[in-house]
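Below is one structure, written out as structure tokens; comments come after it.
In the working numbering, the protein residues as written are 7 to 185.
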């Protein structure tokens with residue numbers, strides 16, 4: 007409960023948590039991005055709508071996604087709106103993840119209804135193929151719900167239905183779960 011932390015701001019809800027390179031806790035709360043160093047809360051960003059995800063890339067940059075499908079980069083005190091930078095415009099909230107190699111992953115469902123996965127490394131954006139070789143349609147047509155890295159450094163992406171995907175910087179493989 008937030009009230010147990012002295013000085014914690016009143017919050018309705020929070021989503022999107024990450025740790026920055028200096029070990030401070032970042033929390034997307036309501037329409038704000040807060041940083042907690044163990045003693046003090048600091049407001050880093052105030053948007054207009056709820057933050058749904060936050061990630062810190064290997065270079066220490068802070069990336070933010072909100073629930074109106076907008077995508078931001080926080081550099082110092084400057085907020086850069088990157089929503090139109092990627093090859094697809096998002097139709098649903100963007101999901102973010104950083105991996106142990108310092109890459110930033112951005113997953114979205116585009117306005118075309120198709121999934122898009124982008125990865126940033128070497129200061130460039132790359133689009134990861136979600137269409138198997140020889141196929142005419144993507145591995146899935148559903149919302150992307152989460153991204154996570156496993157202990158082996160592999161990126162996993164969770165879909166809306168009983169599917170998960172193992173991805174690298176070139177392509178994704180689909181796994182079906184039967185429970």
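The beta-carbon is built from N, C-alpha and C at its ideal position, and this holds for glycine as well.
Keep in mind that this is a model prediction, so the values were computed, not measured.
How would you call residue 163, buried or exposed, if buried means at least 16 neighbouring beta carbons within 10 angstroms?
buried
My guess is that residue 161 and residue 122 are in contact by the Cβ rule of under 8 Å, so how many angstroms apart are they, rounded?
Contact flag wrong, Cβ pair sits at about 15 Å.
Can you tell me whether DSSP reads residue 103 as helix, strand or coil?
strand
Taking all protein chains shown into account, decide if residue 9 is buried (16 or more other Cβ within 10 angstroms of its Cβ) or exposed.
Residue placement at residue 9 is flagged as unreliable, the pLDDT there being 49, under the threshold of 50; a coordinate-derived value is accordingly withheld.
Starting from residue 77 and walking both ways along the beta strand (DSSP E), at which residues does that stretch end?
77-81
With distance defined between alpha-carbon atoms, name the residue in 86, 151 and 106 nearest to residue 158.
106
Distance, residue 176 Cα to residue 33 Cα:
31 Å
Buried or exposed, going by whether 16 or more other CB atoms sit within 10 Å of the CB of residue 91?
exposed
If you check the beta carbons only, do residue 51 and residue 42 fall under 8 Å apart?
no
Quick check on the burial criterion: 16 or more other C-beta atoms within 10 angstroms. Buried or exposed for residue 40?
buried
With a threshold of 16 other CB atoms inside 10 Å of the CB of residue 102, please say whether the residue is buried or exposed.
buried
Could you give the first and the last residue of the continuous beta strand (DSSP E) run that contains residue 62?
57-62
Identity of the residues DSSP links to residue 165 by a beta bridge
150
Span of the beta strand (DSSP E) around residue 25:
20-25
Only counting the same chain, and skipping five residues up and downstream in sequence, which positions put a Cβ closer than 7 Å to that of residue 67?
79 and 81
Straight-line CA distance for residue 178 to residue 132?
14 Å
Same chain, Cβ closer than 6 Å to residue 48, neighbours up to 5 away in sequence not counted:
41
Quick check on the DSSP output: the beta strand (DSSP E) that includes residue 4 runs from which residue to which?
Nothing can be reported for residue 4, as the shown portion of the chain is limited to 7 through 185.
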